[in-house]
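Per the working numbering: the sequence shown = residues 540 to 874. Step one of this worksheet: look at the structure below.
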Amino acid sequence: MIIKYRTIYLTLILSFFIGVCILGEFVFSSTMGKDALLIANMEVEDIQLGSSYGMMAWLYQMIPSSLILVVTIFIGSMFILNVFKDANKNYNLLLLLFLCSVPCVLTISSFQKDLILVLFIIPVTMLILSNINNFAKLILISAIYISYAVVFRSYYYLITILFVGIYFFKVSNGHIRLSIILASICVFLLIPNTVYYSLQSSRDLVNLHRVGVNGEGYRTAFLNPLSPDSFFNFLYNYVYAILRLNFGFFFNSSIKDLVFMIYPLIYYYYVFKGLISQQVDKNFFAASLVLSHALVYFLFEPDTGSYARHLSSTLPYLAIVIASGFNMQKKYNFD
540 MIIKYRTIYL TLILSFFIGV CILGEFVFSS TMGKDALLIA NMEVEDIQLG SSYGMMAWLY
600 QMIPSSLILV VTIFIGSMFI LNVFKDANKN YNLLLLLFLC SVPCVLTISS FQKDLILVLF
660 IIPVTMLILS NINNFAKLIL ISAIYISYAV VFRSYYYLIT ILFVGIYFFK VSNGHIRLSI
720 ILASICVFLL IPNTVYYSLQ SSRDLVNLHR VGVNGEGYRT AFLNPLSPDS FFNFLYNYVY
780 AILRLNFGFF FNSSIKDLVF MIYPLIYYYY VFKGLISQQV DKNFFAASLV LSHALVYFLF
840 EPDTGSYARH LSSTLPYLAI VIASGFNMQK KYNFD
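If you want it as structure tokens, here you go:
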């Protein structure tokens, strides 16, 4: 019966995903798919907008146009199968069905950077689930993330640094943890203000013409309340961004905002479960990667839709924690 349930849920989500790919993201959201269109235009018009878009345009040019949809469906299906492969209970299958609907619409249904990210995330999930020693996992996962940072998104360097930092904080004793905290505070206080500005000003650059304008995708856009030109202003803006991105319902109060509030809160519930694991196991590695992504997203995400899109790319990691939790219940007869 478990196999039957998994087959039913997989059939549902794969059918939905393929439908989104064929009909186009614009059927579900008029603001989605713009990256894919921009990449296609760069290939046609030879637009130069930066290395990440340039690399995607090069890939777009290398693949025959008749195969773009096939490649998209293939990679997206790999993502979905990776999410569901260890699910073994009706409840977590249903939960994953809900969670996976977001990347099906926002992340993996068009040829853009988040789709190619899947080719990096799947090897990472394989490493997390492997039996190699933890330090080797740390090195290999970091190497994969650095390679993605080099080719596509430079902020993945920050994600890698946080991931490594969380790992060493976990394996350290109390005295070393205290030293890490104090050293981190000193570093933050000594960082030049220009660094804080460069980290956080991108949100204002993107949203300056969007806030207060009745346009598609502009409704949840927000600006930093303070100029990010000092540590304390940076910290205030960071906390404000966490509230705006995770509790958008209290700022805009629509059904869509309620969904976009529930979605990340589910993530952080399971991230917390993974992080409190007594051992440095697969749950900890998976949860720490999701947390590392989120901590960086709070720096620059301009609205809740963009935040959900990027966060949903980490669903294969979260699925490890979800499946492990229910497997543990079964093992110890908690149900």
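Heads up, the beta-carbon is just placed ideally off N, CA and C, and yes, glycines get one too. Bear in mind that the values here come from a model prediction, so they are computed numbers and not experimental data.
Comparing alpha-carbon positions, which option in the options lies nearest residue i?
i: Glu840; options: Gln739, Ile705 and Ser851; result: Gln739
i: Leu606; options: Lys812, Asp820, Ile861 and Cys560; result: Cys560
i: Asn776; options: Val829, Leu828, Leu762 and Phe788; result: Leu762
i: Tyr809; options: Val644, Ala825 and Leu797; result: Ala825
i: Ile683; options: Ala675, Ser669, Val609 and Val663; result: Val663
i: Arg848; options: Leu645, Leu679 and Phe770; result: Leu645
i: Ser879; options: Tyr807, Asn746, Phe555 and Thr733; result: What is shown of the chain runs 540 to 874, which leaves residue 879 out entirely.
i: Tyr836; options: Ala780, Ser816, Gly787 and Val798; result: Ala780
i: Lys821; options: Ser649, Ile730 and Leu677; result: Leu677
i: Thr523; options: Ala760, Val745, Asn772 and Cys725; result: Because the chain here runs from 540 to 874, residue 523 falls outside it and cannot be looked at.
i: Pro767; options: Pro731, Thr759, Ile661 and Phe623; result: Pro731
i: Ile481; options: Pro642, Ile700, Ala675 and Asn672; result: Coverage of the chain is limited to positions 540 through 874, which leaves residue 481 absent and any answer about it impossible.
i: Ile859; options: Phe811, Ser640 and Asp625; result: Asp625
i: Val829; options: Leu784, Ser741, Ile660 and Val726; result: Ile660
i: Phe788; options: Ala833, Tyr735 and Asp842; result: Asp842
i: Leu838; options: Gln818, Leu857, Tyr736 and Arg758; result: Tyr736
i: Leu654; options: Ile612, Cys639, Ser669 and Leu638; result: Ile612
i: Leu620; options: Ile680, Leu679, Leu551 and Ala722; result: Leu551
i: Lys628; options: Leu679, Tyr544, Ile698 and Arg742; result: Tyr544
i: Met665; options: Phe811, Ile680 and Ser816; result: Ile680
i: Gly563; options: Cys725, Phe790 and Leu608; result: Leu608
i: Met800; options: Leu717, Val690, Asp743 and Phe786; result: Phe786
i: Lys812; options: Leu774, Leu797 and Leu857; result: Leu857
i: Val493; options: Ile602, Ala675 and Ile719; result: Beyond the ends of the chain as shown, which are 540 and 874, falls residue 493; an answer cannot be given.
i: Tyr710; options: Phe823, Gly558 and Tyr846; result: The displayed chain sequence assigns Val, not Tyr, to residue 710. That would be Phe823, whose Cα lies nearest to the Cα of Val710.
i: Phe727; options: His748, Leu774 and Val689; result: Leu774
i: Tyr807; options: Ile794, Thr546, Leu784 and Asp796; result: Leu784
i: Pro764; options: Asn712, Leu797, Lys795 and Arg742; result: Arg742
Would you kindly report the start and end of the unbroken alpha helix (DSSP H) that includes residue i?
i: Leu830; result: Lys821 to Phe839
i: Pro662; result: Lys652 to Leu668
i: Gln739; result: Asn732 to Asn746
i: Leu814; result: Ile794 to Leu814
i: Pro642; result: Asn629 to Leu645
i: Arg783; result: Phe770 to Asn785
i: Gly844; result: Thr843 to Ser851
i: Leu608; result: Ile607 to Phe623
i: Asn791; result: Phe788 to Asn791
Just checking my contact of residue i with residue j at CB under 8 Å: how many whole Å lie between their CB atoms?
i: Ile647; j: Val657; result: 6 Å
i: Phe708; j: Ser831; result: In fact, because the Cβ distance is near 12 Å, the residues do not count as touching under 8 Å.
i: Leu635; j: Ile861; result: 7 Å
i: Tyr695; j: Phe650; result: Incorrect: roughly 20 Å between the Cβ atoms, too far for contact.
i: Pro855; j: Phe618; result: 7 Å
i: Thr759; j: Gly704; result: With 8 Å as the limit, Thr759 and Gly704 do not qualify as a contact, their Cβ atoms being about 30 Å apart.
i: Ile805; j: Leu638; result: 7 Å
i: Ser827; j: Tyr630; result: With a Cβ gap of about 25 Å, Ser827 and Tyr630 do not count as contacting.
i: Tyr548; j: Phe623; result: 7 Å
i: Ser792; j: Pro642; result: With a Cβ gap of about 25 Å, Ser792 and Pro642 do not count as contacting.
i: Ala833; j: Leu814; result: Actually they are not in contact, since the Cβ atoms of Ala833 and Leu814 sit about 12 Å apart, beyond 8 Å.
i: Arg716; j: Lys652; result: With 8 Å as the limit, Arg716 and Lys652 do not qualify as a contact, their Cβ atoms being about 35 Å apart.
Compare the C-beta of residue i against all C-beta atoms of chain C and say whether one is closer than 8 Å.
i: Tyr694; result: The structure shown contains no chain C; it holds only a single protein chain.
Legend entry - Any beta strand (DSSP E) of 3 or more consecutive residues that is wholly inside the segment 681-714: With a minimum length of 3 residues, no continuous beta strand (DSSP E) run stays inside the segment 681-714.
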